[in-house]
Ligand SMILES: Nc1ncnc2c1ncn2[C@@H]1O[C@H](COP(=O)(O)OP(=O)(O)O)[C@@H](O)[C@H]1O
Ligand SMILES: [Mg+2]
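Residue numbers (our numbering), protein chains in the order written: chain L, 528 to 839; chain R, -12 to 243.
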């Protein structure tokens, strides 16, 4: 309670910020409402099949139109998971290096670099990904894996173009690393000095002490990871350029696919031609909306529980 | 190399944080199996000096330590001993009770034992942990919840857990940096009793800014003021007949 209120005076900031808060809240509900109402026709026509089948029959004849976005849902989960597998080790080692090992000057440079990386427009990543990363991964990762590991079923197909779940996952991993590492780095620097001292005072080596301190901030890292996953699953432009854009339910990481957001981005232009497609794209958007909401809430929940647990 | 009769011998110790000279030419001898109190007003350099005895100052890159510290006759800063070995033998209890909040009560104690390979089997680990908790007077209070996190313990219990964590390693010296500063009176009393008990087996270096506490539990006391050693000697003598006017003023509360 502010002291001003006690004396019967307005806290002017309180007062002035109400409309803005209300506006943001209304915008959120409004958007959610638009997505729900616009998806309803698709659900009425196809039911849950919109989400659980893999078909894309865009037909001039509305009766023959039929859509199911399962392949895109699969692609979103698959590429985001690959992204995390790339981003997590990168972020953790990067953070530990920046905080614990880097000399002061390098530390500043590295911090600024990752902030810049986080702020780059995603199209920059997309073009770099399509023209450089994809051919590079094809030559140096996909082909060797195919040559030596093709006895494993998911690697048994010869990579064709390089545009694939894997390329999209790696690119996404690189893109979210600055975000995940910012969370990890912040968590890691906020470890109270007394725990650092406790670890070393027990005769732990630097490596052992670091391991214990990482354990202390693990939940913060998990929530950073969850937020990173949310970012990866929503990323659109760069992914559309490297994922290959094909309806494909395959587990083969080197085959082309779709993600929900790349599906929406690439099909949006066609949706005016067809009668039922727009509503399906809304339904796809709704799915992403809800997944994003869920992931963000989960990340915040994990972080809050951790803060409560370790608070002293 | 002859084993010294002193647990710790400090010779011409100077410590700097950057250009800030905080410990000034201190000489000190700490006899074995006694409670040696280091007292002085806040900011005079007690914590800094203590952290030079287990090389915890090494964590801070801006710190410079000159002079020598011997642990049972061995120089801890030259090639004689590495920092990990020093810290294994000189345990430390902190001003703020700091068991790791993400490790269970059991694992808080197990950590140092496992990492330093001080026990050979799980059974020995269990036994050592029980032994340490009993020594720290905490066993009865936690034996049913060894797998709980320390967040459920009171401040005093946490501090005894930290003491158990140290005892379990069977160090030669236990250092305590104002161990009761953040603990309620009942918890403080328990810890003071514990210090009394522990000196049978360990050399205890106790930092306190509370002269009454030094009087209650210590055998020897050193008074430090602005980074300099004013005087050191048997507790009884320092408290009844201090040589320095400064000490007298401090003990009578006339020095802030
Ligand atoms: N990490 C540090 N960096 C720089 N100066 C420090 C640091 N820790 C302590 N000091 C300075 O060293 C002096 C002694 O501090 P300290 O050893 O903590 O005293 P005490 O434990 O007796 O209160 C103080 O002037 C303090 O400001
Ligand atoms: Mg202190």
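A virtual CB, placed ideally from N, CA and C, is assigned to each residue, including glycine.
Note that the structure is predicted; figures quoted are calculated from it, not measured.
inquiry  = Quick check for students: name the residue ranges of the beta strand (DSSP E) that lie wholly in the stretch 679 to 712 of chain L, counting only runs of 3 or more.
reply    = none
query = At a Cβ threshold of 9 angstroms, is residue 739(L) touching chain R?
reply = Counting from 1 along the first chain, the entry for residue 739(L) is found at position 212. Taking Cβ atoms only, chain R reaches closer than 9 angstroms to residue 739(L), which makes this a yes.
request  = Taking only runs that begin and end inside the stretch -2 to 58 of chain R, name each unbroken beta strand (DSSP E) of 3 or more residues, in chain order.
outcome  = 7 to 18, 22 to 26 and 50 to 58
message = Beta-carbon within less than 8 angstroms of residue 662(L)'s beta-carbon, same chain only, minus the 5 sequence neighbours each way: which residues are those?
response = For the purposes of this step, residue 662(L) is taken as the residue at position 135 of the first chain. Annotation for residue 662(L): 689 place their beta carbon closer than 8 angstroms to its own, counting only its chain and skipping 5 residues before and after.
ask   = Taking residue 825(L) as the reference, which of 553(L), 768(L), 746(L) and 596(L) has the closest Cα?
value = Translated into positions along the first chain, residue 825(L) becomes position 298. The candidate whose alpha carbon is nearest that of residue 825(L) is 746(L).
request  = Note down, in chain order, each residue of its chain lying with its Cβ closer than 6 angstroms to the Cβ of residue 234(R), except the 5 sequence neighbours on either side.
outcome  = Within the second chain, the letter at position 247 stands for residue 234(R). Around residue 234(R): 210, 217 and 218.
Exposure of residue 130(R), with buried meaning 16 or more beta-carbon neighbours within 10 Å = Position 143 of the second chain holds residue 130(R). By the C-beta density criterion, residue 130(R) is exposed, having fewer than 16 other C-beta atoms within 10 angstroms.
key: Residue-chain proximity (residue 89(R), chain L), Cβ-Cβ < 9 angstroms   = Within the second chain, residue 89(R) is the residue found at index 102, counting from 1. It does: the Cβ of residue 89(R) has a partner Cβ on chain L nearer than 9 angstroms.
request  = Answer with buried or exposed for residue 29(R), where buried requires no fewer than 16 other C-beta atoms within 10 angstroms of its C-beta.
outcome  = Working through the second chain from its first residue, we reach residue 29(R) at position 42. Exposed.
ask   = So, helix, strand or coil for residue 160(R), using DSSP?
value = By one-based count along the second chain, residue 160(R) stands at place 173. Residue state, collapsed to three classes: strand.
inquiry  = Mapping the DSSP letters down to three states, classify residue 207(R) as helix, strand or coil.
reply    = Position 220 of the second chain holds residue 207(R). Strand at residue 207(R).
query = Do you know offhand how far residue 55(R)'s Cα is from residue 605(L)'s?
reply = Counting from one through the second chain, the residue named residue 55(R) turns up at place 68. Counting from one through the first chain, the residue named residue 605(L) turns up at place 78. Cα-Cα distance, rounded: 60 angstroms.
ask   = Per DSSP, what kind of secondary structure is residue 773(L) in: helix, strand or coil?
value = Position 246 of the first chain holds residue 773(L). In this structure, residue 773(L) counts as coil in the three-state DSSP scheme.
task = Please list the partners that residue 713(L) has in chain R, where partner means a Cβ-to-Cβ separation under 7 angstroms.
result = By 1-based counting over the first chain, the position of residue 713(L) is 186. Under the 7 angstroms cutoff, chain R gives no residues; its nearest Cβ is about 17 angstroms from residue 713(L).
task = Could you check the C-alpha separation between residue 14(R) and residue 24(R) for me, to the nearest Å?
result = The residue labelled residue 14(R) in the question sits at position 27 within the second chain. The residue labelled residue 24(R) in the question sits at position 37 within the second chain. Whole-angstrom Cα-Cα distance: 15 angstroms.
ask   = Of all the CB atoms in chain R, is at least one closer than 9 angstroms to the CB of residue 730(L)?
value = Locating residue 730(L) in the first chain gives position 203, where the first residue counts as 1. It does; some Cβ of chain R falls within 9 angstroms.
query = So, does the CB of residue 735(L) fall closer than 9 angstroms to a CB anywhere in chain R?
reply = Along the first chain, one-based indexing puts residue 735(L) at 208. Yes, its Cβ sits closer than 9 angstroms to a Cβ of chain R.
inquiry  = The alpha helix (DSSP H) that contains residue 102(R), what's its start and end?
reply    = Within the second chain, numbered from 1, the residue matching residue 102(R) stands at position 115. Looking at the DSSP string, the run of the alpha helix (DSSP H) that includes residue 102(R) is 92 to 102.
inquiry  = Checking 9 angstroms against the spacing of the C-beta atoms, do residue 578(L) and residue 773(L) come in under that value?
reply    = On the first chain, residue 578(L) is found 51 positions in, with the first residue counted as 1. On the first chain, residue 773(L) is found 246 positions in, with the first residue counted as 1. No, the Cβ-Cβ distance between residue 578(L) and residue 773(L) is not below 9 angstroms.
ask   = For ligand 2, which residues have a Cβ under 7 angstroms from at least one heavy atom, in chain order?
value = 29(R), 33(R), 34(R), 82(R), 164(R), 165(R) and 194(R)
inquiry  = Here's a check: name, in chain order, each residue in its chain whose Cβ is nearer than 6 angstroms to the Cβ of residue 190(R), leaving out the five neighbours to either side.
reply    = For the purposes of this step, residue 190(R) is taken as the residue at position 203 of the second chain. The beta carbon of residue 190(R) sits closer than 6 angstroms to those of -6, 19, 20 and 160, all from its chain and outside the five residues before and after it, given in chain order.
query = Would you report the Cα separation of residue 588(L) and residue 576(L), rounded to the nearest angstrom?
reply = By one-based count along the first chain, residue 588(L) stands at place 61. By one-based count along the first chain, residue 576(L) stands at place 49. Taking the straight line from one Cα to the other gives about 20 angstroms.
task = With DSSP collapsed to three states, give me the class of residue 802(L).
result = Residue mapping note: residue 802(L) aligns to position 275 of the first chain, counting from 1. Coil.
ask   = Going by the C-beta, is residue 5(R) closer than 8 angstroms to any heavy atom of ligand 1?
value = Here residue 5(R) is taken as the residue at index 18 of the second chain, counted from 1. Checking the Cβ of residue 5(R) against ligand 1 gives yes.
message = How far does the beta strand (DSSP E) with residue 79(R) in it extend, from its first residue to its last?
response = Position 92 of the second chain, counted from the first residue, corresponds to residue 79(R). Residues 77 to 80.
request  = State yes or no: is the beta carbon of residue 83(R) nearer than 9 angstroms to at least one beta carbon in chain L?
outcome  = Reading the second chain from its first residue, position 96 is the one you call residue 83(R). By this cut-off, residue 83(R) is an interface position.
query = With a cut-off of 9 angstroms, does the C-beta of residue 526(L) fall near any C-beta of chain R?
reply = No information on residue 526(L) is available, as it lies outside the stretch 528 to 839 that chain L covers here.
Cβ of residue 231(R) within 9 angstroms of any chain L Cβ = Translated into positions along the second chain, residue 231(R) becomes position 244. No, its Cβ sits nowhere closer than 9 angstroms to a Cβ of chain L.
request  = List the DSSP bridge partners of residue 581(L).
outcome  = Numbered from its first residue, the first chain carries residue 581(L) at position 54. For residue 581(L), which the question treats as bridged, DSSP gives the partners 596(L).
message = Please tell me whether residue 592(L) has its Cβ less than 9 angstroms away from any Cβ of chain R.
response = For the purposes of this step, residue 592(L) is taken as the residue at position 65 of the first chain. So no, residue 592(L) is outside the interface.
task = Determine, using beta-carbon pairs with one atom in the stretch 670 to 689 of chain L and one in the stretch 699 to 719 of chain L, whether at least three such pairs fall under 8 angstroms.
result = no
inquiry  = Quick check: is the beta carbon of residue 578(L) nearer than 9 angstroms to any beta carbon in chain R?
reply    = Mapped onto the first chain, residue 578(L) falls at position 51. Not one chain R Cβ lies under 9 angstroms of residue 578(L).
inquiry  = Strictly under 9 angstroms for the Cβ-Cβ distance: is residue 745(L) near chain R by that measure?
reply    = The residue given as residue 745(L) occupies position 218 in the first chain. True, the Cβ-Cβ gap to chain R drops below 9 angstroms.
key: Paired residues, beta bridge with residue 193(R) - DSSP   = Sequence index remark: in the second chain, residue 193(R) carries index 206 (1-based). In DSSP, residue 193(R) forms a bridge with 24(R) and 163(R).
request  = Could you work out which residues of chain R lie near residue 742(L), taking near to mean beta carbons separated by less than 7 angstroms?
outcome  = On the first chain, residue 742(L) is found 215 positions in, with the first residue counted as 1. Going along chain R in sequence order, the residues near residue 742(L) (Cβ under 7 angstroms) are 89.
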